[in-house]
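Peer 1: Residue numbers (this note's numbering), protein chains in the order written: chain A, 492 to 689; chain B, 492 to 689. Ideal Cβ positions, reconstructed from N, Cα and C, are used throughout, including at glycine. First the structure, which I've put down as structure tokens, then a few questions once you've had a look.
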DNA sequence: TTGCGATACTAAACACCGTTCGTTATGCAA
DNA sequence: TTGCATAACGAACGGTGTTTAGTATCGCAA
């Protein structure tokens with residue numbers, strides 16, 4: 492093979508590599524992933540991957556972007572699944588938890604806090620913002636409809652952080668001797684909407 | 492040196508190693524830590540560390556335990572800093588965030604969700620429970636005093652998960668274009684106590 | 001048809017990692 | 001003085017990400 496690849500073909504190969512990596516990460520976990528194992532599955536050598544990604548970090552970044560977009564797709568689908576705003580918020584919460592449960596590696600990739608690179612590539616920044624925005628929209632709608640009151644952006648972050656907090660505490664094995672997760676989730680969401688003050 | 496170490500001395504050496512590792516983790520980050528660098532700072536060889544820890548995993552586990560205990564100490568100190576229950580809850584929140592900000596590596600260690608070992612050593616389980624319990628006590632007091640209503644354990648988890656969620660979202664760089672962190676924190680806590688329903 | 005240039009991929013090496021193993025050197029007991 | 005137990009070492013193993021020089025193959029021009 493010596494004929495140069497078009498930009499499109501390069502993108503295709505990048506995507507193929509990313510898919511293989513995602514498969515391994517889903518099967519074996521994040522820490523088990525290596526350039527050699529990815530290349531092996533492609534019948535290649537680790538060095539070949541450097542034609543398509545400048546580093547492992549850049550490959551992980553691409554995977555993060557894809558994960559964010561898959562996530563946002565799910566949330567948006569849940570958003571569009573019903574017109575009733577209370578049902579909608581419930582559906583979005585369900586979709587959120589379903590994503591975290593069925594694609595834990597992708598979820599961890601999205602919200603990993605050990606990333607060395609302080610400078611995210613612009614596309615990742617955009618993907619992050621999309622995830623964030625998707626989780627804000629429905630709250631804005633609820634505030635507009637008069638179902639909730641307060642700054643919708645702040646409110647959305649409260650819902651998001653609570654759900655995320657529960658998910659990662661569970662992933663860290665910190666909720667093993669706590670009340671059932673479903674109960675915690677339901678009650679936490681209820682508290683934010685209604686409060687706990689006596 | 493060929494004379495056998497007493498159990499106490501072994502514990503001392505374990506603690507010395509742990510301290511060196513904690514220093515490096517605080518300075519260089521979690522991923523930069525290596526047995527060779529730790530041993531180097533002690534004037535030793537990496538292999539020597541295996542007299543005191545069966546694996547790097549076990550060393551990390553000891554560091555996790557120490558981090559949990561330092562954390563619980565801080566929270567308990569905040570708890571005892573005032574008798575007014577509202578002030579107390581505020582002080583605990585402050586202490587929580589201060590710990591996460593000033594000792595991010597320790598915080599990440601405590602709540603890392605990429606741990607391979609599903610089986611935590613009993614001492615780590617105890618340390619985890621202590622952290623969890625410490626964050627529950629003051630809520631129980633507030634419910635007992637009639638300041639809050641509901642299941643105190645569930646309520647405590649709601650506060651905890653929300654705070655933790657905010658912290659790790661910020662660590663993941665996901666709050667860079669969001670409202671100021673202090674505002675998010677204050678409003679989220681306020682929402683859980685008072686609710687957002689119109 | 002032949003030969004050239006471009007290039008996708010390889011093979012080998014580098015420095016690092018966690019871990020294992022056989023060896024060394026020390027200090028007490030006999 | 002001899003012998004033993006053992007704390008720490010040094011070298012190695014297989015793994016990692018990454019770099020480098022080389023190979024083999026293709027399209028195209030002569």
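What whole-angstrom Cβ distance do residue 685 of chain A and residue 688 of chain B have, given they're in contact under 8 Å?
Peer 2: As a first step, residue 685 of chain A is located in the first chain; it is residue number 194 there, counting from the start. As a first step, residue 688 of chain B is located in the second chain; it is residue number 197 there, counting from the start. Indeed they touch by this definition, with Cβ atoms about 5 Å apart.
Peer 1: Which whole runs of the alpha helix (DSSP H) in the region 534-586 of chain B are 4 residues long or more, in chain order?
Peer 2: You should have 547-571.
Peer 1: Can you list, in chain order, the residues of its chain with a C-beta nearer than 6 Å to that of residue 572 of chain A? Leave out the 5 residues immediately preceding and following it.
Peer 2: Locating residue 572 of chain A in the first chain gives position 81, counting from the first residue. So the list reads 582, once near-sequence residues are dropped.
Peer 1: Determine the closest residue to residue 513 of chain A out of A:564, A:545, A:639 and A:598, with distance taken between C-alpha atoms.
Peer 2: Counting from 1 along the first chain, the entry for residue 513 of chain A is found at position 22. Closest option to residue 513 of chain A, Cα to Cα, is A:598.
Peer 1: So for residue 621 of chain A, helix, strand or coil by DSSP?
Peer 2: Numbered from its first residue, the first chain carries residue 621 of chain A at position 130. If DSSP states are grouped into helix, strand and coil, residue 621 of chain A belongs with the helices.
Peer 1: Looking at chain A, which residues of the region 497-524 of chain B have a Cβ within less than 7 Å of any of its Cβ atoms?
Peer 2: Those would be 521 and 522, in chain order.
Peer 1: Going by the DSSP bridge assignment, what does residue 639 of chain A pair with across the sheet?
Peer 2: Reading the first chain from its first residue, position 148 is the one you call residue 639 of chain A. Residue 639 of chain A is bridged to B:688.
Peer 1: Beta-carbon within less than 6 Å of residue 616 of chain A's beta-carbon, same chain only, minus the 5 sequence neighbours each way: which residues are those?
Peer 2: As a working mapping, residue 616 of chain A is identified with position 125 in the first chain. No residues qualify anywhere along the chain.
Peer 1: Straight-line CA distance for residue 648 of chain B to residue 623 of chain B?
Peer 2: Along the second chain, one-based indexing puts residue 648 of chain B at 157. Along the second chain, one-based indexing puts residue 623 of chain B at 132. Their backbone Cα atoms lie some 9 Å apart in a straight line.
Peer 1: Work out the CA separation of residue 507 of chain B and residue 501 of chain B for me, nearest whole Å.
Peer 2: In the second chain, counting from the first residue as 1, residue 501 of chain B sits at position 10. In the second chain, counting from the first residue as 1, residue 507 of chain B sits at position 16. Those two C-alpha atoms are separated by around 10 Å.
Peer 1: Measure how close the beta-carbons of residue 600 of chain A and residue 555 of chain A come, nearest whole angstrom, since I'm counting them as under 8 Å.
Peer 2: Taking the first residue of the first chain as 1, we reach residue 600 of chain A at position 109. Taking the first residue of the first chain as 1, we reach residue 555 of chain A at position 64. The pair is a contact, with the Cβ atoms about 5 Å apart (cut-off 8 Å).
Peer 1: Candidates A:557, A:548, A:560 and A:586: which alpha carbon is nearest residue 570 of chain A's?
Peer 2: Reading the first chain from its first residue, position 79 is the one you call residue 570 of chain A. Of the candidates A:557, A:548, A:560 and A:586, the one whose C-alpha sits nearest the C-alpha of residue 570 of chain A is A:586.
Peer 1: Do residue 591 of chain A and residue 658 of chain A count as a contact pair if the criterion is CB distance below 7 Å?
Peer 2: On the first chain, position 167 is the one that residue 658 of chain A refers to. On the first chain, position 100 is the one that residue 591 of chain A refers to. Yes, Cβ-Cβ distance for residue 658 of chain A and residue 591 of chain A is below 7 Å.
Peer 1: Whole angstroms is fine: what's the gap from residue 542 of chain A's alpha carbon to residue 553 of chain A's?
Peer 2: Position 51 of the first chain, counted from the first residue, corresponds to residue 542 of chain A. Position 62 of the first chain, counted from the first residue, corresponds to residue 553 of chain A. Taking the straight line joining both Cα atoms gives about 15 Å.
Peer 1: Please report the distance separating the alpha-carbon of residue 602 of chain A from that of residue 497 of chain B.
Peer 2: Numbered from its first residue, the first chain carries residue 602 of chain A at position 111. Numbered from its first residue, the second chain carries residue 497 of chain B at position 6. C-alpha separation (whole angstroms): 45 Å.
Peer 1: For residue 670 of chain A, collect the residues of the same chain with a Cβ closer than 7 Å to its Cβ; drop the 5 residues on either side in sequence, then sort them by chain order.
Peer 2: On the first chain, position 179 is the one that residue 670 of chain A refers to. Answer for residue 670 of chain A: no residue qualifies.
Peer 1: Taking Cβ positions, are residue 660 of chain B and residue 652 of chain A nearer each other than 7 Å?
Peer 2: The residue given as residue 660 of chain B occupies position 169 in the second chain. The residue given as residue 652 of chain A occupies position 161 in the first chain. Closer than 7 Å, so yes.
Peer 1: Taking the CB atoms as reference points, tell me whether residue 524 of chain B and residue 511 of chain B lie closer together than 7 Å.
Peer 2: Counted from its first residue, the second chain places residue 524 of chain B at position 33. Counted from its first residue, the second chain places residue 511 of chain B at position 20. Not in contact: residue 524 of chain B and residue 511 of chain B (Cβ atoms no closer than 7 Å).
Peer 1: Would you mind stating whether residue 618 of chain A and residue 655 of chain A have Cβ atoms separated by less than 7 Å?
Peer 2: Translated into the one-based positions of the first chain, residue 618 of chain A becomes position 127. Translated into the one-based positions of the first chain, residue 655 of chain A becomes position 164. Not a contact, by the Cβ cut-off of 7 Å.
Peer 1: Counting only Cβ-Cβ distances shorter than 7 Å, please list the residues of the region 632-647 of chain B near chain A, keeping chain order.
Peer 2: Within the region 632-647 of chain B, the residues whose Cβ lies closer than 7 Å to some Cβ of chain A are 637, 638, 639, 640, 641, 644, 645 and 646, listed in chain order.
Peer 1: Would residue 576 of chain B pass as a contact of residue 638 of chain B if the rule is Cβ separation under 7 Å?
Peer 2: By one-based count along the second chain, residue 576 of chain B stands at place 85. By one-based count along the second chain, residue 638 of chain B stands at place 147. Yes; because the gap between Cβ atoms is below 7 Å, this pair is in contact.
Peer 1: For the region 570-600 of chain B, enumerate the residues whose C-beta is nearer than 7 Å to any C-beta of chain A, in chain order.
Peer 2: Within the region 570-600 of chain B, the qualifying residues are 599.
Peer 1: What is the DSSP secondary structure of residue 589 of chain B, reduced to helix, strand or coil?
Peer 2: One-based indexing of the second chain puts residue 589 of chain B at position 98. Looking at residue 589 of chain B - three-state DSSP - the assignment turns out to be helix.
Peer 1: Could you tell me the alpha carbon to alpha carbon distance between residue 666 of chain B and residue 644 of chain A, rounded to whole angstroms?
Peer 2: Position 175 of the second chain, counted from the start, is the residue given in the question as residue 666 of chain B. Position 153 of the first chain, counted from the start, is the residue given in the question as residue 644 of chain A. Looking at the two C-alpha atoms, the distance is approximately 12 Å.
Peer 1: Below 9 Å between beta carbons is the criterion; list the residues of the region 662-673 of chain A that meet it against any residue of chain B, in chain order.
Peer 2: Listed by position along the chain: 662, 663, 664, 665, 666, 667, 668, 669 and 670.
Peer 1: Going along the chain, which residues of its own chain have a beta-carbon closer than 7 Å to the beta-carbon of residue 612 of chain A, five neighbours each way excluded?
Peer 2: One-based indexing of the first chain puts residue 612 of chain A at position 121. Excluding sequence neighbours, residue 612 of chain A sits near 552.
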